[in-house]
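Visitor: One structure, as structure tokens, below. Some questions next.
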Amino acid sequence: MTAAFSRVPELLAQHLLLAFAALLLGLVVSLPLAVFSARNKTVGRIALGFASLVQTIPSLALLALFYPILLSLSTLVGGGIPALGFLPSLLALSLYALLPILRNGVTGLANLDPAVIEAADGMGMTKTQKLWLVEAPLVAPVLMAGIRTAAVWTIGAATLSTTVGQPSLGDLIFAGLQTQNWTLVLAGCIAAAGLALAVDALLGLAEYGIAQRRRGLVWGSLGVLLAGVLVALAPAWPAPRGTVTIGAKGFSEQYILARVIGHRLEAAGYKVRYREGLGSAVAFSALASGDVDVYVDYSGTIWTNQMKRSDVPPRQAIVDGVAEWARQAHGVTLLGSLGFENAYAFAMRGADAKRRGIRSIADLAPVAPTLNFATDVEFLERSEWAAVKRAYGLSFKSAHPYQPTFMYRALSSGTADVIPAFSSDGRIAADHLTVLSDPRGAIPGYDAILLLAPRRADDIRFQAALRPLIGAIPVEKMREANYLVDRDTDKKSPDEAARWLERGLAR
Amino acid sequence: MPEQSRNVTFNNVSKLYATATAVDGVSLEIAGGSFVALVGASGSGKSTLLKMVNRLIEPSAGEVRIGGEPVRDEPAHLLRRRIGYVFQNIGLFPHMTVGENVAIGLRLAGEKHNDARVAELLRLVELPGDIAKRMPDALSGGQRQRVGVARALATGPKLMLMDEAFGALDPVTRDGLGKAIRALHDKMGLTTILVTHDMAEALLLADRVLVMERGRIVGDATPRELLAGKGGAAADALVAVPREQAHRLAELEK
Chain A
1 MTAAFSRVPE LLAQHLLLAF AALLLGLVVS LPLAVFSARN KTVGRIALGF
51 ASLVQTIPSL ALLALFYPIL LSLSTLVGGG IPALGFLPSL LALSLYALLP
101 ILRNGVTGLA NLDPAVIEAA DGMGMTKTQK LWLVEAPLVA PVLMAGIRTA
151 AVWTIGAATL STTVGQPSLG DLIFAGLQTQ NWTLVLAGCI AAAGLALAVD
201 ALLGLAEYGI AQRRRGLVWG SLGVLLAGVL VALAPAWPAP RGTVTIGAKG
251 FSEQYILARV IGHRLEAAGY KVRYREGLGS AVAFSALASG DVDVYVDYSG
301 TIWTNQMKRS DVPPRQAIVD GVAEWARQAH GVTLLGSLGF ENAYAFAMRG
351 ADAKRRGIRS IADLAPVAPT LNFATDVEFL ERSEWAAVKR AYGLSFKSAH
401 PYQPTFMYRA LSSGTADVIP AFSSDGRIAA DHLTVLSDPR GAIPGYDAIL
451 LLAPRRADDI RFQAALRPLI GAIPVEKMRE ANYLVDRDTD KKSPDEAARW
501 LERGLAR
Chain B
1 MPEQSRNVTF NNVSKLYATA TAVDGVSLEI AGGSFVALVG ASGSGKSTLL
51 KMVNRLIEPS AGEVRIGGEP VRDEPAHLLR RRIGYVFQNI GLFPHMTVGE
101 NVAIGLRLAG EKHNDARVAE LLRLVELPGD IAKRMPDALS GGQRQRVGVA
151 RALATGPKLM LMDEAFGALD PVTRDGLGKA IRALHDKMGL TTILVTHDMA
201 EALLLADRVL VMERGRIVGD ATPRELLAGK GGAAADALVA VPREQAHRLA
251 ELEK
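Just so you know, the protein sequences line up as chains A and B, in that order. Following my numbering, the residues of the first sequence are numbered contiguously, the last one being 507. Following my numbering, the residues of the second sequence are numbered contiguously, the last one being 254.
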């Protein structure tokens, strides 16, 4: 329990900063826009229409959309715009904050007593004087309510910034979801909800202060909020030079390997930090752009997704091909294979496979139309699935994506009959699953490979610290380590599993 | 230099809207220092005519001059600061105290430390001085309109525009405030234009009564002339009502 909450302060600070910055940017944009919208009906319609449209985009998709947008923008201006981490999160959340502020501002201005406006004009106020002396103070309470809504939305949606590599309380929730560590999920949820409630209460107090014309209350509550942000700012100054960022995608094996890498680098004197829960598509780009220094990927993933190759040569040829391409196209160094493979492996419940007499994907094809298929979130979109369908003519009765943990649950509970399991997954043995062979070689090799950012290409000390990992992790060890985290009872944290794995390596 | 009482001149002024003509070619001279009532039914164009003086409404044709200077030659907000404006809905600023409301014109002119002036203005409109610290929503309708008058007088304007200023008040308050306004007019040497639909009020307060109908001036006479039937048909119809009421009241007293 305490372990779960130990990362809360650091992530809470990051979370608060991100949400606050987004709210501030949202205010800077939406306040003048609200005034402009109230003065000009056309502008108002367009602005409110746009803000409402933004709200209809799921927040996760909005965050994801900023990655390609910023990437192409960066290419356009010759690089330098980070497409991952703080910037896309900030922009997406700011857009989210627009609507409630804009809507309340425009509504508030439109509903002002016309007599008061007539008096302001009649007394000889200029437009600016009217805005500051009359309109702004009268709209303030309504506007404040909009700001409160925006703040709560922003804090909630900020948990999703984890997926684009910006640390937030979402790190706990996503990691907990992947490793079925509900304490971690709870820690993240409680912290995020607590933050939202606290900020809402402070802003509510300020709103009350405005309505009651009690300046002390307004400045006091806003002051507490500001003090909170300043405290959060303290540890968030740019990481000192020499800090290494280790990337990890969103599943247990990645969390464990990131820690193994981290421990080795720490032993070599580096300061490390982690960017966990990166989307599969995002991770490689983060490495190539230098946002991440090192992470583990799988040869087949790069081969099919980044290189768009559909042929399936032998395992070593794929690793060599990836190494060559990564260096040529992105300056990324492939330090070597860790020694195990984490391939997509079609798996069924052992007893079920035996009863149906299915041993290979070829055996599966004829009965597949009567079976249900559960996959991880990305498999159905991946070219491996297209290749398997092409090679075997597979077509299932239904196909539903799940978070990996729930994919295994779906299979063991009978909701699904077939899953694309991960060959290094401890649950294959634990759940007594039968892995189907791939006689036509449709699925490429997925050797776990250590990839280094361009700036580490000639960093001899850095590479020396990691080289002992090359060829050092057999698949059995990886499975056991994964199972330590994934199993339902006596679960270990990724960090503990990493320590366990390291002890095995030392021997 | 204090503002001198000046003539207000309307020179063939019209205001056209998409579907109607509110004011139709009005030419008129209002002498400095006079108290003029503009009477007519609702929709006769009297409020529109009034608001073209302080440019809350811009004329479609013709021009308005104050003291010979066209009002459009000056930025609207500077023009308005020299003209007192009081209207039916008052429009006190609800987020400011009574004192801050009264001092707003002085504040716009860049003057500070206006407490003494505010106290003087409140005395002028017969309100207790301690009311300055209260918020407008704590006042009665009559008190609010008195604050509205004090606010309009704060910068010492010589021209007062009053648009149905007593329209929303009960008869007793209305009568008292009317008398107070007339007294202020005389004491401060103002030029006052009062828009009202109440002929009795116009007859009792004004030096000169203008009757408007469908955007035109159809009657222009002193109260005495009007009561003598010299104001024309439209004016006679409006005068008939209070006259008849007065006769009936007199009958009752016998």
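Even glycine gets a Cβ: it sits at the ideal position worked out from N, Cα and C. Predicted model only: the values in this text are computed from it and were never measured.
(1) Is it buried or exposed, B/ILE131, if we count other Cβ atoms within 10 angstroms and call 16 or more buried?
(2) CB-CB under 7 Å to B/SER47, same chain, minus the five flanking residues each way: which ones, in chain order?
(3) To be precise: take each residue of the stretch 166-183 of chain B, compare its Cβ to all Cβ atoms of chain A, and keep it if any distance is under 8 Å. Which residues remain?
(4) Could you list the residues in the stretch 113-124 of chain A with a C-beta less than 9 Å from some C-beta on chain B, going in chain order?
(5) For the stretch 106-120 of chain B, which residues have a CB atom closer than 7 Å to at least one CB atom of chain A, in sequence order?
(6) Would you please verify whether the beta carbon of B/ILE90 is less than 9 Å from any beta carbon of chain A?
(7) State buried or exposed for B/PRO136, treating a residue as buried only when at least 16 other CB atoms are found within 10 Å of its CB.
(8) Which residue comes first and which comes last in the beta strand (DSSP E) that contains B/ILE193?
(9) Determine, using beta-carbon pairs with one atom in the stretch 279-289 of chain A and one in the stretch 153-165 of chain A, whether at least three such pairs fall under 8 Å.
(10) Only counting the same chain, and skipping five residues up and downstream in sequence, which positions put a Cβ closer than 6 Å to that of A/GLY188?
(11) Using 8 Å for Cβ pairs, my map puts A/GLU341 next to A/SER424. What's the rounded Cβ distance?
(12) Alpha carbons only, please: which of B/GLY67, B/ALA41, B/ARG80, B/LYS179 is nearest the one belonging to B/ILE57?
(13) What is the rounded straight-line gap between the Cα of B/GLU251 and the Cα of B/GLU244?
(14) Does the beta-carbon distance from B/GLY215 to B/VAL23 come in below 9 Å?
(15) Compare the C-beta of B/ASN7 with all C-beta atoms of chain A and state if any pair is closer than 9 Å.
(16) Give the range of the beta strand (DSSP E) segment to which A/ALA374 is assigned.
(17) May I ask you to list, following chain order, the residues of the stretch 127-139 of chain A that have a beta carbon less than 8 Å from some beta carbon of chain B?
(18) Taking 7 Å as the limit between beta carbons, can you name the residues of its chain near B/GLY229, skipping five residues before and five after?
(19) On the premise that B/GLN143 lies in contact with B/LEU122, defined as a C-beta separation below 8 Å, what is that separation, rounded to the nearest angstrom?
(20) Where does A/LEU450 fall in DSSP's three states?
(21) Could you tell me the distance, in whole angstroms, from the CA atom of A/MET1 to the CA atom of A/ALA34?
(22) Identify the continuous beta strand (DSSP E) that holds B/ASP220 and give its terminal residues.
(23) Between the beta-carbon of A/GLY105 and the beta-carbon of A/ALA38, is there less than 9 Å?
(24) Alpha carbon to alpha carbon, how far is A/GLY220 from A/ILE210?
(25) To the nearest angstrom, how far is it from the Cα of B/ALA31 to the Cα of B/ARG182?
(26) Compare the C-alpha of A/SER252 against each of A/THR245, A/ARG273, A/ARG275, A/THR179 and name the closest.
(27) May I have the straight-line CA-CA distance separating A/THR304 from A/ILE470, to the nearest angstrom?
(28) What would DSSP say about A/PRO369, mapped onto helix, strand or coil?
(29) Round the Cβ separation of A/ALA288 and A/VAL231 to the nearest angstrom and send it over; I've been treating them as touching at under 8 Å.
(30) For a quick check, are the C-beta atoms of A/GLY321 and A/ASP447 less than 9 Å apart?
(31) Would the stretch 39-47 of chain A count as touching the stretch 62-72 of chain A if we require 3 or more Cβ pairs under 8 Å?
(32) Check whether the Cβ of B/GLY148 lies closer than 9 Å to any Cβ atom in chain A.
(33) Within 10 Å of its beta-carbon, does A/SER337 have 16 or more other beta-carbons around it, so buried, or fewer, so exposed?
(34) Is A/ARG7 close to chain B, meaning its C-beta is less than 9 Å from at least one C-beta of that chain?
(35) Please list, in chain order, all residues of the same chain as B/VAL125 whose beta carbon is under 7 Å from its beta carbon, the five residues on each side excluded.
(36) I'd like the ranges of any alpha helix (DSSP H) spanning at least 4 consecutive residues and lying wholly in the stretch 114-165 of chain B.
Guide: This is what the structure gives:
(1) buried
(2) ASP163, VAL195
(3) none
(4) ASP113, PRO114, ALA115, VAL116, ILE117, GLU118, ALA119, ALA120, ASP121, GLY122, MET123, GLY124
(5) LEU108
(6) yes
(7) buried
(8) 191-196
(9) yes
(10) LEU169, LEU172, ILE173
(11) 7 Å
(12) B/ARG80
(13) 11 Å
(14) yes
(15) no
(16) 372-375
(17) GLN129, LEU133, VAL134, PRO137, LEU138
(18) ASP236
(19) So it is not a contact: roughly 10 Å between Cβ atoms.
(20) strand
(21) The predicted position of A/MET1 is uncertain, since its pLDDT is 49 and thus under 50; no value can be drawn from it.
(22) 216-221
(23) yes
(24) 12 Å
(25) 16 Å
(26) A/THR179
(27) 23 Å
(28) helix
(29) Not a contact, Cβ separation roughly 35 Å.
(30) no
(31) no
(32) yes
(33) buried
(34) no
(35) ARG146, VAL149, ALA150, ALA180
(36) 115-124, 141-153
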